[in-house]
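Chains as they are written, first to last, in our numbering: chain A, 1496 to 1657; chain B, 1496 to 1657.
All C-beta atoms in this analysis are idealised placements derived from N, C-alpha and C, irrespective of residue type, glycine included.
No experiment lies behind these values; they were computed from the predicted model shown.
Here is the structure:
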């Protein structure tokens, strides 16, 4: 996709991604898995061929996080995230950018909602994205989050094993 | 609107607002009007009964702005904005929150695209919003931006008068 694919000379494509999952864990446990940088790093560590290095973690409203990832030994992508709203065990809203080398390829805001359904959790992940200059695409984002949430699910199941 | 109006126990309503305008000015002049804090303050100053006080301005990628507004003498609203992407004369992407008193009522990401059509500018403003706990609504946001852009248009026209 190139800039020319945007109609009318535009350089931004806006999309909203909604992913819904049920986890066999309480909202408190799911929230903890989102809030804990070590747990996030475990989910993102090699296995998909994508290493991740966290440069900065600050899980609080106004706090900023920076992480780098990409093929092993080649962390060409940098994600910068700022937390906009945090309601413990219920909600996280964050916004940030994705950069490839020196080029910003997307900006987005993401909302994680944790809804209790008794003992388990219905999670709704909503990402409102702006893909810049045709350098990042919706499909990659949806696939990446699908893999990440599969790992979260596996991690929550493992914690329950004796 | 209350939390109970959100289906399934959700606490966030997501919406995308798109406002398109044509301005009788070059993209460079329209961009300057967005970038200049003094110009923004003029547009937002009383006349609609809403005073504005800018506490912090930092128009650069990663820069943060804080402004307060509300009825005269009662600046109950606080807007915090971080710039995510800036392409001079072409594009601004920003994200932030709106707080009423001590309560965060919304988070959003906004993209301003400036497209040249010769001597004038086609501007597309896209706001991807998350309204929190039923405390902020789409209609207010659309009306507020409509008024703000009317003032921008008037300001650009005035600058052209002899």
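CA nearest to the CA of residue 1597(A), picked from 1610(A), 1607(A), 1563(A): Translated into positions along the first chain, residue 1597(A) becomes position 102. Measuring from the Cα of residue 1597(A), the nearest candidate turns out to be 1563(A).
Burial state of residue 1580(B), where buried means 16 or more other Cβ atoms lie within 10 Å: Walking along the second chain from the start, residue 1580(B) turns up at place 85. Buried, because 16 or more other Cβ atoms sit within 10 Å of the Cβ of residue 1580(B).
6 Å CB neighbourhood of residue 1510(B) in its chain, flanking five on each side removed: Sequence index remark: in the second chain, residue 1510(B) carries index 15 (1-based). For residue 1510(B), where only same-chain residues beyond five positions count, the Cβ hits under 6 Å are 1624, 1633.
Classification of residue 1616(A) by the beta-carbon crowding that lies within 10 angstroms, buried from 16 upward: The residue labelled residue 1616(A) in the question sits at position 121 within the first chain. Under this definition residue 1616(A) is a buried residue.
8 Å CB neighbourhood of residue 1586(A) in its chain, flanking five on each side removed: Stepping through the first chain from its first residue, residue 1586(A) is reached at position 91. Cβ neighbours of residue 1586(A) beyond the five flanking positions: 1580, 1606, 1607, 1608, 1609.
Rounded C-alpha distance that separates residue 1613(B) from residue 1630(A): The residue you call residue 1613(B) lines up with position 118 of the second chain. The residue you call residue 1630(A) lines up with position 135 of the first chain. Approximately 27 Å between the Cα atoms of the pair.
Minimum Cβ-Cβ distance from residue 1509(A) to chain B less than 7 Å: Against the first chain, residue 1509(A) aligns to sequence position 14. So, interface residue.
Sequence-distant residues of the same chain with beta carbon closer than 8 Å to residue 1651(B), five excluded per side: Looking up residue 1651(B) in the second chain gives position 156. Once the five neighbours on either side are set aside, the close Cβ partners of residue 1651(B) are 1518, 1519, 1520, 1524, 1525, 1528.
Per-residue DSSP class, three states only, for residue 1522(A): As a first step, residue 1522(A) is located in the first chain; it is residue number 27 there, counting from the start. Looking at residue 1522(A) - three-state DSSP - the assignment turns out to be helix.
Reduced DSSP category for residue 1591(A) - H, G, I as helix; E, B as strand; rest coil: Position 96 of the first chain holds residue 1591(A). DSSP places residue 1591(A) in strand when its eight states are reduced to three.
Residue from 1649(B), 1559(B), 1502(B) with nearest C-alpha to residue 1573(B): Within the second chain, the letter at position 78 stands for residue 1573(B). Of 1649(B), 1559(B), 1502(B), the residue nearest in Cα terms is 1559(B).
7 Å Cβ cutoff met for residue 1646(A) and residue 1508(A): As a first step, residue 1646(A) is located in the first chain; it is residue number 151 there, counting from the start. As a first step, residue 1508(A) is located in the first chain; it is residue number 13 there, counting from the start. Result no, Cβ atoms of residue 1646(A) and residue 1508(A) do not sit closer than 7 Å.
Buried versus exposed call for residue 1503(B) [16 or more other C-beta atoms within 10 Å across all chains shown]: For this step, residue 1503(B) is matched to residue 8 along the second chain. Label assigned to residue 1503(B): exposed.
Spatial distance of residue 1619(B) from residue 1530(B) (CA atoms): Translated into the one-based positions of the second chain, residue 1619(B) becomes position 124. Translated into the one-based positions of the second chain, residue 1530(B) becomes position 35. Cα to Cα, the separation comes out at about 16 Å.
Rounded C-alpha distance that separates residue 1582(A) from residue 1635(B): Working through the first chain from its first residue, we reach residue 1582(A) at position 87. Working through the second chain from its first residue, we reach residue 1635(B) at position 140. Computed Cα separation, rounded: 24 Å.
Beta strand (DSSP E) segment containing residue 1580(A), residue limits: Position 85 of the first chain, counting from 1, holds the residue named residue 1580(A). Where residue 1580(A) is concerned, the enclosing beta strand (DSSP E) stretches over 1572-1582.
CA-to-CA distance, residue 1557(B) to residue 1532(B), given in whole angstroms: Start at 1 with the first residue of the second chain, and residue 1532(B) comes out as number 37. Start at 1 with the first residue of the second chain, and residue 1557(B) comes out as number 62. So the two alpha carbons sit approximately 16 Å from each other.
Cutoff 6 Å; reference residue 1513(B); Cβ partners in own chain excluding five residues on either side: The residue you call residue 1513(B) lines up with position 18 of the second chain. Same-chain partners within the cutoff: 1621.
is_contact[residue 1593(A), chain B] using C-beta, thresh 7 Å: Taking the first chain and counting its residues from 1, the one referred to as residue 1593(A) is at position 98. No, residue 1593(A) lies away from the interface with chain B (no Cβ there is under 7 Å from its Cβ).
Residue-level contact to chain B via CB, residue 1551(A), 7 Å cutoff: Looking up residue 1551(A) in the first chain gives position 56. It does not: the Cβ of residue 1551(A) has no partner Cβ on chain B nearer than 7 Å.
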